[in-house]
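In our numbering, the protein residues as written are 1 to 193.
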Amino acid sequence: MKALLIFALFSSIAYSKNCKYTYSGDTQEIKFTGYKFTNKTGVSGTFKSFKIMAPSKANSLEDLFANASFWIDEMTLDAGKKARNVNIRNGLLKNIEGLAIRGHVESVNKSKKSLVAHINWGGKEHLVDMSYSYANGKATAKGVIDLLKMGFKKGFDGLGKLCKAHHKGKDGKVKTWSEVAIEASLGVTEKCN
1 MKALLIFALF SSIAYSKNCK YTYSGDTQEI KFTGYKFTNK TGVSGTFKSF KIMAPSKANS
61 LEDLFANASF WIDEMTLDAG KKARNVNIRN GLLKNIEGLA IRGHVESVNK SKKSLVAHIN
121 WGGKEHLVDM SYSYANGKAT AKGVIDLLKM GFKKGFDGLG KLCKAHHKGK DGKVKTWSEV
181 AIEASLGVTE KCN
């Protein structure tokens, strides 16, 4: 009986969920959230013109992300209001060289569920730490960039100048945050056995 219990225990430990992932490229989204006011109120938006390239079939979520690349037309952002879009384009983006953000996944850490994205933006190379997950048919990667740390002070200052009236909080202080949260998601089918 004891031998049977030990065998059952080792059998359950040895068994691991084997999943395959299929990505059609049909469903994808890139979101961003900038922040204003001293209480760090989020202002979110998306890009209308972008492309995420990833394998159509992968043996693991890690393989899917490890072979992913992306391209974003930064001028196609939509932050929910026409005036806001104009301020971001004229204040920030026109002060950054180049009209596209390109990149790929540099590395993936399965145990930490994290990845490093290599981004080429404004003629500069950037490495961005991100976490990743899978839920409800979506593979998602999330991270935070800092416009000042990326060397975009001119653009950040331009944005702050144009948005000054809109970034004055109830406390009477004007605050534009340099951090921007980013989230990329892909519609992915998971099949496990």
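A virtual CB, placed ideally from N, CA and C, is assigned to each residue, including glycine.
Bear in mind that the values here come from a model prediction, so they are computed numbers and not experimental data.
Measuring alpha carbon to alpha carbon, tell me which residue in the options is nearest residue i.
{"i": "T140", "options": "L64, T33 and G151", "result": "L64"}
{"i": "D26", "options": "G155, N39, N90 and S56", "result": "S56"}
{"i": "T39", "options": "K191, T176 and N193", "result": "One point to set straight first is that residue 39 is Asn, not Thr, in the sequence displayed. Out of K191, T176 and N193, T176 has the C-alpha closest to the C-alpha of N39."}
{"i": "N59", "options": "F37, E179, K168 and T22", "result": "T22"}
{"i": "F152", "options": "G122, V105, K170 and A165", "result": "G122"}
{"i": "K113", "options": "G155, L61 and G80", "result": "L61"}
{"i": "E106", "options": "I119, E97, K94 and I96", "result": "I119"}
{"i": "A83", "options": "A165, K191 and S185", "result": "A165"}
{"i": "H126", "options": "M150, K154 and Y35", "result": "M150"}
{"i": "I30", "options": "D78, T46 and F37", "result": "T46"}
{"i": "A54", "options": "E97, A184 and K191", "result": "A184"}
{"i": "G172", "options": "T33, F37 and V43", "result": "F37"}
{"i": "K241", "options": "L77, K110 and N109", "result": "The chain is shown from 1 up to 193; residue 241 falls before or after that span and cannot be answered."}
{"i": "K195", "options": "K191, S44, V108 and L92", "result": "Lying outside 1 to 193, the shown extent of the chain, residue 195 is not represented and no answer is given."}
Would you kindly report the start and end of the unbroken alpha helix (DSSP H) that includes residue i?
{"i": "N193", "result": "Looking at the DSSP string, N193 is not in any alpha helix (DSSP H), and its letter there is neither H nor E."}
{"i": "E62", "result": "L61 to A66"}
From the DSSP output, in three-state form, read off residue i for me.
{"i": "E183", "result": "strand"}
{"i": "D146", "result": "strand"}
{"i": "K153", "result": "helix"}
{"i": "I88", "result": "helix"}
{"i": "E74", "result": "helix"}
{"i": "K40", "result": "coil"}
{"i": "K124", "result": "strand"}
{"i": "A83", "result": "helix"}
{"i": "K48", "result": "coil"}
{"i": "G103", "result": "strand"}
{"i": "K175", "result": "coil"}
Please list the terminal residues of the continuous beta strand (DSSP E) segment that includes residue i.
{"i": "K31", "result": "C19 to K36"}
{"i": "D171", "result": "Where D171 is concerned, there is no enclosing beta strand (DSSP E), given that its DSSP letter is neither H nor E."}
{"i": "N120", "result": "S114 to W121"}
{"i": "S111", "result": "Premise fails: S111 is in no beta strand (DSSP E) and is neither H nor E."}
{"i": "K164", "result": "Careful: K164 lies outside any beta strand (DSSP E) and carries neither H nor E."}
Using only the alpha-carbon positions, how far apart do residue i and residue j sit?
{"i": "K161", "j": "G143", "result": "26 Å"}
{"i": "L159", "j": "Y132", "result": "30 Å"}
{"i": "E179", "j": "A135", "result": "26 Å"}
{"i": "Y15", "j": "S24", "result": "Any answer about Y15 is weak, because its pLDDT of 44 lies below 50 and its placement is not dependable; what the coordinates show is given next. Y15 and S24: Cα-Cα distance of roughly 29 Å."}
{"i": "S49", "j": "K170", "result": "35 Å"}
{"i": "N67", "j": "L115", "result": "11 Å"}
{"i": "L4", "j": "N18", "result": "Residue placement at L4 is poorly supported in this model, since its pLDDT is 43, which falls under 50; the coordinates are not used for a value here."}
{"i": "V174", "j": "T189", "result": "45 Å"}
{"i": "V128", "j": "I145", "result": "7 Å"}
{"i": "T41", "j": "Y35", "result": "5 Å"}
{"i": "K213", "j": "K110", "result": "This structure cannot settle anything about residue 213, because the visible part of the chain is limited to 1 through 193."}
{"i": "C163", "j": "K20", "result": "46 Å"}
{"i": "K124", "j": "I182", "result": "18 Å"}
task = Inspect the CB distances between the segment 82-90 and the segment 133-150 and report whether three or more fall short of 8 Å.
result = No contact exists between the segment 82-90 and the segment 133-150.
key: Given 8 Å, three or more beta-carbon pairs between the segment 95-103 and the segment 69-84   = yes
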